[in-house]
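Participant:
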Amino acid sequence: MRSVLIFISILFLSVSNTFGQGKTIDEIIAVVGDEIILYSDVQIQKNQLKQQGYPGTISDCMVLEEILFEKLLLNQAKLDSLEVTDDMVNVELEKRLAVFIKQIGSVEKLEAYYGKSMAEIREEFFDVLKDQILVQRMQGTIADGLNVTPQDVKVFYNNIPQDSLPFINASVELAQIVKYPEVGRSEIERVRNRLRDFKNQVESGQDDFETLAALYSQDPGSSSKGGNLGMQSRGTWVPEFDAVAFNLKDGEISAPFKTNYGWHMMQMIERRGEMYDANHILLIPQTTSSELSAAQTELDSIRLLVVRDSISFAFAASKYSDDERSKNQNGMMVNNAKGSTIFEMDELDPTIFMAIDTLKLGQVSAPFYFQGDNREKGYRIVKLMSETEPHRANLKDDYQSLQNMASQKLSAENMDKWVQQKIASTYVKIIPAYTDCDFDYPWLIKDEEASKAKKL
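If you use mature numbering (1 follows the signal peptide of the UniProt record, and there is no 0), the sequence shown corresponds to residues -20 to -1, 1 to 436, in order.
1) Could you name the residues of the same chain whose beta carbon sits closer than 8 Å to that of N149, not counting the 5 residues immediately before and after it, in chain order?
2) Over what stretch of residues does the beta strand (DSSP E) that includes D257 continue unbroken?
3) At what residue ranges does the stretch 275 to 334 contain a whole run of the beta strand (DSSP E), taking only runs of 3 or more?
4) Between the beta-carbon of P161 and the beta-carbon of T267, is there less than 8 Å?
5) Around the C-beta of R288, are 16 or more other C-beta atoms found within 10 angstroms, so that it is buried, or is it exposed?
6) Tell me, which residues are paired with V350 by DSSP?
7) For F147, which residues in the same chain have their Cβ closer than 8 Å to its Cβ, ignoring the five residues on either side in sequence?
8) Considering only the alpha carbon of each residue, which of A123, V64, Q142 and T121 lies closest to residue 472?
9) Are there 16 or more other CB atoms within 10 angstroms of the CB of T415, so buried, or fewer, so exposed?
10) With a threshold of 7 Å (Cβ to nearest heavy atom), would T321 be considered close to the ligand NAD?
11) Going by DSSP, which residues form a beta bridge with F147?
12) L424 to S97, Cα distance in whole Å?
13) Mapping DSSP to helix, strand and coil, what is Q32?
14) Assign I411 to one of three DSSP states: helix, strand, or coil.
15) Helix, strand or coil: which one does DSSP assign to T191?
16) Run through the DSSP bridge pairs and tell me what W243 is partnered with.
17) So who's on the other strand from E74, going by DSSP bridges?
18) Taking its Cβ as the centre, do 16 or more other Cβ atoms sit within 10 Å of S186, making it buried, or is it exposed?
19) Expressed to the nearest angstrom, what Euclidean distance is found between the alpha-carbon atoms of N259 and T216?
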């Protein structure tokens, strides 16, 4: 029985022009509780999957079953009075709109694509997104309380045939200490003065903010959009950003301010409760070769203390490292793609790969040059905390991976059980045109029972 949903994660704002499709004669093809499913619902999701390159055949029956599942969750969420506030929906709506504006190029292009204003697009998708969030909340409620014990993991592992155990690639765990050069006061003042000059140009009408951002901002994510960040909620950006944003009026431009990324200037476009849309310009102070050399020398001295056992690597990381994400975790590097400290070899930055190539377990590399996420220049040292050769999964070395697999299996089985129970207690009706569908769940049996009950 299929236990992993295919369509539940489809973004409702998929870049397929659902508004521009030719009109077909629509009809209700199924009912789940108080929720209806239209013929057009199936065709729209089917077209979205095709455009997203879904492999294999996409049948109406397959798509219909996934929508039946969604509606079963949605119907139960409403019966259970799960709460989704308008603010929650608006925050998520703006996040998704920002993604699609980035994909398509501009607000104007998005409006042209859908043939609607932004206000109309927001109104069109508000209820759709609210239902989707309710569905996700219901899924979370069903999964609440599930706990995989060590015994569960052991049973799961023992039930996998030896020749079917997953193959685990070579991997490492690393800790790091990062040093960025200390930028001179004259360079910082140069950057601040340039931002002040930009502000004067905009306020005097000599130039507009978007043009200056496109020409000079060093933020790769927003410069091509005239510095626009899109409508975002409080907490999306670093705290310094929010502090400035919520002290600006619409149209106002801030004084230069500093974050870990560099120096910024912000122009408030619109504030809406706990959300705001703003443009910004980022300038990163430049470092001299002598400042870089000083950072390298300092890091070399720190390394010497560590290898002589004068201080531990963990202590040195917490005291001296300039990387905020790892310094409070004893220097441990986190693989953001997996949410763990384990990196497969092909996931490592090439500079790190080269630095650890000859290291033995527990050894610390020499300082090596790198560029951070925002192209800031610096040096770092890394310690090889653990390494694993390619192998078949086993409980000793791969407990976390096996625990995740066991948890996924338990969640799938729990969801299957819930669906079976809810179908049995929920009104389900499907039109005859779909009674030949080979569904994974007994929707049609329930439909036949409902029809017999109505006749009685």
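We put the beta carbon where it would ideally sit given N, CA and C, even for glycine.
Facilitator: Reading off the structure:
1) Position 169 of the sequence shown holds residue 149. Only E324, M325, D326 and P370 meet the Cβ criterion.
2) What you label residue 257 is simply residue 277 of the sequence shown in a count that begins at 1. Unbroken beta strand (DSSP E) run through D257: M255 to L263.
3) none
4) On the sequence shown, position 181 is the one that residue 161 refers to. On the sequence shown, position 287 is the one that residue 267 refers to. Closer than 8 Å, so yes.
5) Locating residue 288 in the sequence shown gives position 308, counting from the first residue. Label assigned to R288: exposed.
6) For the purposes of this step, residue 350 is taken as the residue at position 370 of the sequence shown. Reading the sequence as shown, one finds Phe at residue 350 and not Val. Beta-bridge pairing links F350 to G358.
7) In the sequence shown, the residue the question calls residue 147 occupies position 167. Here the set comprises P370, H371, R372 and A373.
8) Nothing can be reported for residue 472, as the shown portion of the chain is limited to -20 through 436.
9) For this step, residue 415 is matched to residue 435 along the sequence shown. Exposed, since its Cβ has fewer than 16 Cβ neighbours within 10 Å.
10) Absence of the ligand NAD is noted for the structure shown, with no ligands found whatsoever.
11) Within the sequence shown, residue 147 is the residue found at index 167, counting from 1. Paired residue(s): R372.
12) Counting from 1 along the sequence shown, the entry for residue 424 is found at position 444. Counting from 1 along the sequence shown, the entry for residue 97 is found at position 117. For L424 and S97, the gap between their C-alpha atoms comes out near 42 Å.
13) The residue given as residue 32 occupies position 52 in the sequence shown. Residue state, collapsed to three classes: coil.
14) Numbered from its first residue, the sequence shown carries residue 411 at position 431. I411 falls in the coil class under three-state DSSP.
15) Taking the sequence shown and counting its residues from 1, the one referred to as residue 191 is at position 211. Three-state DSSP puts T191 in a helix.
16) As a first step, residue 243 is located in the sequence shown; it is residue number 263 there, counting from the start. Answer is K238 and L263, bridged to W243.
17) Your numbering for residue 74 matches position 94 in the sequence shown. Answer is none; E74 lacks a bridge partner.
18) Taking the sequence shown and counting its residues from 1, the one referred to as residue 186 is at position 206. The residue asked about is misnamed: residue 186 is Gln in this sequence, not Ser. Exposed.
19) Working through the sequence shown from its first residue, we reach residue 259 at position 279. Working through the sequence shown from its first residue, we reach residue 216 at position 236. The straight-line gap from Cα to Cα measures roughly 15 Å.
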